[in-house]
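Asker:
2 protein chains.
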Amino acid sequence: MVKTGSHPSAIPKAILDLDRIVHEPARLAVLTVLASAEEVAFLFLQRVTGLSKGNLSSHTQKLEAAGYLETVKAFQGRIPVTSFRITEEGRTALRLYHQQLRALLPKEGKP
Amino acid sequence: MVKTGSHPSAIPKAILDLDRIVHEPARLAVLTVLASAEEVAFLFLQRVTGLSKGNLSSHTQKLEAAGYLETVKAFQGRIPVTSFRITEEGRTALRLYHQQLRALLPKEGKP
DNA sequence: GAAACTAGTTTGCAATACAAACTAGTTTCG
DNA sequence: CGAAACTAGTTTGTATTGCAAACTAGTTTC
Numbered sequence: 001m002v003k004t005g006s007h008p009s010a011i012p013k014a015i016l017d018l019d020r021i022v023h024e025p026a027r028l029a030v031l032t033v034l035a036s037a038e039e040v041a042f043l044f045l046q047r048v049t050g051l052s053k054g055n056l057s058s059h060t061q062k063l064e065a066a067g068y069l070e071t072v073k074a075f076q077g078r079i080p081v082t083s084f085r086i087t088e089e090g091r092t093a094l095r096l097y098h099q100q101l102r103a104l105l106p107k108e109g110k111p
Numbered sequence: 001m002v003k004t005g006s007h008p009s010a011i012p013k014a015i016l017d018l019d020r021i022v023h024e025p026a027r028l029a030v031l032t033v034l035a036s037a038e039e040v041a042f043l044f045l046q047r048v049t050g051l052s053k054g055n056l057s058s059h060t061q062k063l064e065a066a067g068y069l070e071t072v073k074a075f076q077g078r079i080p081v082t083s084f085r086i087t088e089e090g091r092t093a094l095r096l097y098h099q100q101l102r103a104l105l106p107k108e109g110k111p
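These protein sequence lines are chains A and B, in that order.
Counting along the first sequence from 1, when you hit position 59 you're at 59 in UniProt numbering, and nothing is skipped either side.
Counting along the second sequence from 1, when you hit position 18 you're at 18 in UniProt numbering, and nothing is skipped either side.
#1: Using C-beta distances below 7 Å, list every residue in its chain close to residue 94/A, excluding the 5 sequence neighbours before and after it, in chain order.
#2: Residues in the same chain with beta-carbon distance under 8 Å from residue 91/B, minus the five sequence neighbours each way, listed in chain order, please.
#3: Could you check whether the stretch 41-61 of chain A touches the stretch 9-21 of chain B, counting it as contact only if at least three pairs of C-beta atoms, one from each stretch, sit closer than 8 Å?
#4: Note down the Cα distance separating residue 54/A from residue 84/A, rounded to an integer number of angstroms.
#5: Quick check on the burial criterion: 16 or more other C-beta atoms within 10 angstroms. Buried or exposed for residue 56/B?
#6: If you count every other CB in all the chains shown that lies within 10 Å of the CB of residue 75/B, and 16 or more means buried, which is it?
#7: Please list the partners that residue 98/B has in chain A, where partner means a Cβ-to-Cβ separation under 7 Å.
#8: Could you compute how far the alpha carbon of residue 62/B sits from the alpha carbon of residue 33/B?
#9: Taking the alpha carbon of residue 69/B as the reference point, which residue from 88/B, 58/B, 43/B and 105/B has its own alpha carbon closest?
#10: For a contact meaning CB atoms closer than 7 Å, what does residue 65/B contact in chain A?
#11: I'd like to know whether the C-beta of residue 15/A is nearer than 8 Å to at least one C-beta of chain B.
#12: Against residue 28/A, what residues of chain B qualify as contacts under a CB-to-CB distance less than 7 Å, listed in chain order?
#13: Can you determine whether any heavy atom of the ligand COA sits closer than 7 Å to the C-beta of residue 17/B, and answer yes or no?
#14: Answer with buried or exposed for residue 27/A, where buried requires no fewer than 16 other C-beta atoms within 10 angstroms of its C-beta.
#15: Rank 86/B, 81/B and 77/B by C-alpha distance to the C-alpha of residue 41/B and give the top, closest one.
#16: Count the other CB atoms, across all protein chains shown, that sit within 10 Å of the CB of residue 96/A; report buried if there are 16 or more and exposed otherwise.
#17: Is there at least one Cβ from chain A nearer than 8 Å to residue 50/B's Cβ?
#18: Please report how far the alpha carbon of residue 2/B lies from the alpha carbon of residue 86/A, in whole angstroms.
#19: Return the chain-ordered list of same chain residues with a C-beta closer than 8 Å to the C-beta of residue 99/A, the five sequence neighbours on each side being excluded.
#20: Can you give me the start and stop residues for the alpha helix (DSSP H) that residue 13/B sits inside?
#21: Tell me the DSSP secondary structure of residue 110/A in three-state form.
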């Protein structure tokens with residue numbers, strides 16, 4: 001029988017409401033790391049995510065534009081070092097994203 | 001203290017391994033609906049997802065190209081009706097995706 | 001038989017994501 | 001010293017998306 005009408009679940013539309021800034025895997029990885037530490041250096045982030053520098057740079061810029069992280073520029077001796085901190089907004093967005101995902105995951109062990 | 005080294009979790013890289021075909025919200029919504037019924041009509045799918053026709057059409061084509069659904073063309077009277085069925089591969093991919101998400105979601109009620 | 005409607009596809013455009021190439025400076029070594 | 005190689009990160013160009021407006025093909029209504 002072909003489904004053409006009747007009781008649509010609300011889940012499909014909820015999926016479309018996911019925060020695309022967070023949903024992008026590269027950025028989700030970044031936010032996840034940032035959420036686990038006070039401040040994280042660029043190169044550390046690059047190593048743990050495996051992203052290229054360029055790619056990481058643009059994703060962190062996008063996250064900064066969204067207000068989800070802040071960039072800290074400093075020097076280690078005379079070498080420039082860029083680090084990042086997740087903001088409260090970023091933490092909130094990540095938490096919300098997790099909640100939304102939980103809501104749309106079927107209960108463990110469904111056919 | 002800035003994090004520059006030490007014990008990287010494996011999660012960040014796992015996030016990057018998510019199946020992008022499934023990860024796109026529009027397609028995840030489609031697959032989710034298809035997984036819940038034997039066969040689903042185009043227009044029904046459009047209504048429950050809220051996607052535009054063009055958008056839905058291209059996503060179903062992409063899912064078909066990935067082998068995750070099959071398209072069934074038929075006539076209802078003299079009107080053409082397109083329906084979709086999830087394939088075994090599609091079901092497997094969706095299940096795997098769910099497992100991966102579960103693995104990377106923190107335990108309920110973490111700060 | 002023109003106008004309006006149904007069902008879906010193609011198209012063109014804007015926004016990504018990504019890595020190669022570049023910038024700016026530092027350290028090493030002949 | 002000064003060229004070569006290295007560090008840290010940004011900018012750029014390109015290829016891929018995601019999306020809806022415009023189109024195709026046919027059907028029903030007036």
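Glycine included, C-beta positions come from ideal geometry on N, C-alpha and C.
Answerer: So, from the data block:
#1: Walking along the first sequence from the start, residue 94/A turns up at place 94. Closer than 7 Å at the Cβ level, and outside the excluded window around residue 94/A, lie 22, 31 and 35.
#2: The count along the second sequence starts at 1 and reaches residue 91/B at position 91. Residues 35 of the same chain have their beta carbon placed closer than 8 Å to that of residue 91/B, with the five preceding and five following residues left out of the count.
#3: Counting Cβ pairs under 8 Å, three or more are found: they touch.
#4: Locating residue 54/A in the first sequence gives position 54, where the first residue counts as 1. Locating residue 84/A in the first sequence gives position 84, where the first residue counts as 1. If I take the Cα positions, the gap works out to 16 Å.
#5: Position 56 of the second sequence, counted from the first residue, corresponds to residue 56/B. It counts as buried.
#6: Looking up residue 75/B in the second sequence gives position 75. Its Cβ having fewer than 16 others within 10 Å, residue 75/B is exposed.
#7: Along the second sequence, one-based indexing puts residue 98/B at 98. Residues of chain A passing the Cβ test: 105 and 106.
#8: Here the question's residue 62/B lines up with position 62 in the second sequence. Here the question's residue 33/B lines up with position 33 in the second sequence. The alpha-carbon atoms of residue 62/B and residue 33/B are separated by roughly 16 Å.
#9: Residue 69/B sits at position 69 when you count from the first residue of the second sequence. Nearest C-alpha to residue 69/B: 88/B.
#10: Taking the second sequence and counting its residues from 1, the one referred to as residue 65/B is at position 65. Identification of chain A residues near residue 65/B by a Cβ-Cβ cut-off of 7 Å yields none; the smallest Cβ-Cβ distance measures about 21 Å.
#11: Reading the first sequence from its first residue, position 15 is the one you call residue 15/A. Taking Cβ atoms only, chain B reaches closer than 8 Å to residue 15/A, which makes this a yes.
#12: If you number the first sequence from 1, residue 28/A lands on position 28. Near residue 28/A (Cβ distances below 7 Å), the residues of chain B are 15.
#13: Absence of the ligand COA is noted for the structure shown, with no ligands found whatsoever.
#14: In the first sequence, counting from the first residue as 1, residue 27/A sits at position 27. Within 10 angstroms of the beta-carbon of residue 27/A lie 16 or more other beta-carbons, which makes it buried.
#15: In the second sequence, residue 41/B corresponds to position 41, counting from 1. The closest CA to that of residue 41/B, considering only 86/B, 81/B and 77/B, is found on 81/B.
#16: To locate residue 96/A, count along the first sequence from 1; it is residue 96. Residue 96/A should be labelled exposed.
#17: Numbered from 1 along the second sequence, position 50 holds the residue referred to as residue 50/B. With 8 Å as the cut-off, residue 50/B counts as an interface residue toward chain A.
#18: Within the second sequence, the letter at position 2 stands for residue 2/B. Within the first sequence, the letter at position 86 stands for residue 86/A. Looking at the two C-alpha atoms, the distance is approximately 12 Å.
#19: As a working mapping, residue 99/A is identified with position 99 in the first sequence. In the same chain as residue 99/A, and ignoring 5 residues on each side of it, no C-beta atom comes closer than 8 Å to its own.
#20: To locate residue 13/B, count along the second sequence from 1; it is residue 13. Judged by DSSP secondary structure, residue 13/B falls within the alpha helix (DSSP H) whose first and last residues are 11-16.
#21: Mapped onto the first sequence, residue 110/A falls at position 110. With a pLDDT of only 48 at residue 110/A, under 50, the local geometry of the prediction cannot be trusted, and the value read off the model is given with reservation. Reduced to three states, the DSSP call for residue 110/A is coil.
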